[in-house]
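Just so you know, the sequence shown maps onto residues 1 to 318 in the UniProt record's numbering. Glycine is no exception: its CB is placed at the ideal position from the N, C-alpha and C atoms. Here the structure comes first, spelled out in structure tokens, and everything after it is commentary.
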Amino acid sequence: MRAIEITEPGGPEVLEWHEVPDPEVGRGDVLIDVTASAVNRADVLQRQGFYDPPPGTSPYPGLEASGVVAEVGADVEQFKPGDAVCALLGGGGYAERVAVPWQQVMPVPDRVSPREAAGLPEVACTVWSNVFMIGRLRKGETLLVHGGASGIGTFAVQLAKALGSHVVATVGSAEKAERVKELGADEVINYREESFADKVRADVILDIMGAKYLAGNVKALRTGGRLVIIGLQGGRKAELDLGAMLAKRASVHATGLRSRPVEEKGVIVRSVVDNVWPLVGAGAVRPVVHAEVPMADAAQAHRLLDSGEHVGKILLVR
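Here's what the structure looks like:
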């Protein structure tokens, strides 16, 4: 098969479309003929040499994919050849084929095309597990989403709104603000012009920035608030005001998805299928696709992500 290889750590130009060995299919694996994958920030970090794949997973980038089941392992009863599926991956989505544990495979939801489905697994599992399973966001509460125009952000805005929350999002431009409002955000803050910490009081905050936003996030939390950090774009280390946390009876969670054991990912995936897929099928939540780029031109897709000009997901299609 062919796949995108990272020839050395560096810029987008190190992504090359090569002939590589076919994946091995274990007893509990599903082999997928890939229709599309999607670009995530973690892929950029892997390309730069800062985020190696977990042991035992594919060395090729790509944390999600959609396609058709080509083969199943001897112990797999949940899927069969010919099924239209999408999957949460530890790696390997930028390829013609990928083998994945069956626990991380999902049917393509209704109202979603085979290509669009490639942009759902990572965002759906990330948002559901962090905002709802960990953050315990409830109907009527306020969610603050940083990076509201990103793939994660556009999904979080829609899902929280569909489940009855008040949604506030931060963005970096007036154009992105309009797009995020169209997705259902009740309030949008341009972080280049205003301080979110002075304007918002949130029950749950979904944060991709880390250190840079820590103090502001703590200030923005309501009593009993939950801050969930899923990214470190603003740095790794900052001072945490424990006095402020105590006064608010607040909590901070820092989580990752890629390195979790298969069993934990499986719990999240099944919960997404049960709770999120019906909303997607009903049209209440939809994939937001900024661009489709041929998989062999993954370098161009990474340049687009690096530019920060996108809204939603960038897909790699075959």
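Exercise. Ordered along the chain, which non-local residues of its own chain (more than five positions away) have a Cβ less than 8 Å from that of residue 184?
Worked result: Sequence-distant partners of residue 184 (beyond 5 residues in either direction) whose C-beta falls short of 8 Å from its own C-beta, in its chain, are 157, 158, 161, 162 and 167.
For this session: Could you check what DSSP says for residue 170 in three-state terms: helix, strand or coil?
Result: Residue 170: strand per DSSP, three-state reduction.
For this session: List the whole-angstrom C-beta distance separating residue 221 from residue 129, where the pair is believed to meet the contact cut-off of C-beta under 8 Å.
Result: Not a contact, Cβ separation roughly 20 Å.
For this session: Compare the beta carbon distance of residue 288 and residue 155 with 9 Å and say whether it is the shorter of the two.
Result: Yes; because the gap between Cβ atoms is below 9 Å, this pair is in contact.
For this session: Can you say whether residue 142 is buried or exposed, counting buried as having 16 or more other CB atoms within 10 angstroms of its CB?
Result: Per the 10 Å Cβ criterion, buried.
Exercise. So does the region 235–244 actually touch the region 264–273, counting three or more Cβ pairs closer than 8 Å?
Worked result: As far as the Cβ criterion goes, the region 235–244 does not touch the region 264–273, which means the pair count is below three.
Exercise. Over what stretch of residues does the beta strand (DSSP E) that includes residue 36 continue unbroken?
Worked result: Annotation: the continuous beta strand (DSSP E) that includes residue 36 extends over 29–38.
Problem set entry | Same chain, Cβ closer than 6 Å to residue 122, neighbours up to 5 away in sequence not counted | A distance below 6 Å between beta-carbons, with the five flanking residues on each side excluded, links residue 122 to the following residues of its chain, in chain order: 40, 63 and 64.
Problem set entry | Any non-hydrogen atom of the ligand GTP closer than 8 Å to residue 203 Cβ | Among the components of this structure there are no ligands whatsoever, and the ligand GTP is therefore not found.
Exercise. Can you tell me whether DSSP reads residue 310 as helix, strand or coil?
Worked result: Note: residue 310 maps to coil in three-state DSSP.
For this session: Ignoring anything shorter than 3 residues or poking outside the region 123–184, list the beta strand (DSSP E) runs there in chain order.
Result: Within the region 123–184, the complete beta strand (DSSP E) runs of at least 3 residues fall at 142–145 and 166–171.
Exercise. Does the count of Cβ pairs from the region 208–218 and the region 109–126 closer than 8 Å reach three?
Worked result: In short, these stretches do not touch, since the Cβ pair count stays below three.
Exercise. With C-beta atoms as the reference, is residue 35 less than 9 Å away from residue 134?
Worked result: Contact flag unset, no.
Exercise. DSSP puts residue 101 in a beta bridge; with which residues?
Worked result: 29.
Problem set entry | Distance, residue 299 Cα to residue 219 Cα | Each residue's alpha carbon lies about 39 Å from the other.
Exercise. Which whole-angstrom value describes the C-beta separation of residue 359 and residue 225, a residue pair presumed to lie in contact below a C-beta threshold of 8 Å?
Worked result: Any answer about residue 359 is impossible in this case: the structure gives the chain only from 1 up to 318.
Exercise. By Cβ distance, which residues of its chain are closer than 6 Å to residue 272, with the 5 residues on each side in sequence left out?
Worked result: Non-local beta-carbon contacts of residue 272 in its own chain, meaning distances under 6 Å to residues more than five positions away in sequence, involve 124, 125 and 128 in chain order.
Exercise. Who pairs with residue 187 in a beta bridge, going by DSSP?
Worked result: Its beta-bridge partners are 168.
Exercise. How is the beta strand (DSSP E) around residue 71 delimited, first residue to last?
Worked result: Residue 71: member of the beta strand (DSSP E) spanning 64–72, first to last residue.
Problem set entry | Bridge partner(s) assigned by DSSP for residue 15 | In the DSSP output, where bridge partners are listed per residue, residue 15 has 6.
For this session: Take residue 43 and list the residues in its own chain whose beta-carbon comes closer than 6 Å to its own, dropping the five residues that flank it on each side.
Result: Answer for residue 43: 61, listed in chain order.
For this session: Would you be able to state if there are at least three C-beta pairs under 8 Å between the region 296–311 and the region 69–80?
Result: By the Cβ criterion, the region 69–80 is not in contact with the region 296–311, since fewer than three pairs of Cβ atoms, one from each stretch, lie closer than 8 Å.
Exercise. Can you tell which of 294, 147, 292 and 101 has its C-alpha closest to the C-alpha of residue 340?
Worked result: With the chain represented from 1 up to 318, any question about residue 340 goes unanswered, as that position is not in the structure.
Exercise. To which residues of the same chain is residue 27 closer than 6 Å at the C-beta, ignoring the five residues directly before and after it?
Worked result: Within the same chain, residue 27 has close Cβ partners 73, 74 and 75.
Exercise. Below 9 Å between beta carbons: does that hold for residue 324 and residue 230?
Worked result: Since the displayed the chain opens at 1 and closes at 318, residue 324 lies outside it and no answer follows.
Exercise. Which one of 24, 52, 19 and 2 has the shortest CA to CA distance from residue 8?
Worked result: If we check each option's Cα against that of residue 8, 52 comes out closest.
Exercise. Where does residue 116 fall in DSSP's three states?
Worked result: Here DSSP, grouped into helix, strand and coil, assigns residue 116 to helix.
For this session: Could you work out which residue in 14, 20 and 11 is closest to residue 3 when comparing CA atoms only?
Result: Ranking 14, 20 and 11 by Cα distance to residue 3 puts 20 first.
Problem set entry | Assigned exposure category for residue 170 - 16 Cβ within 10 Å defines buried | The residue is buried, with at least 16 neighbouring Cβ atoms inside 10 Å.
Problem set entry | Straight-line Cα distance separating residue 18 from residue 152 | Our two residues, residue 152 and residue 18, have alpha carbons roughly 30 Å apart in a direct line.
For this session: For residue 206, count neighbouring Cβ atoms within 10 angstroms of its own Cβ and tell me buried if that reaches 16, exposed if not.
Result: It counts as buried.
Problem set entry | Beta-carbon separation (whole angstroms), residue 96 vs residue 318, contact threshold 8 Å | Right, their Cβ atoms sit about 7 Å apart.
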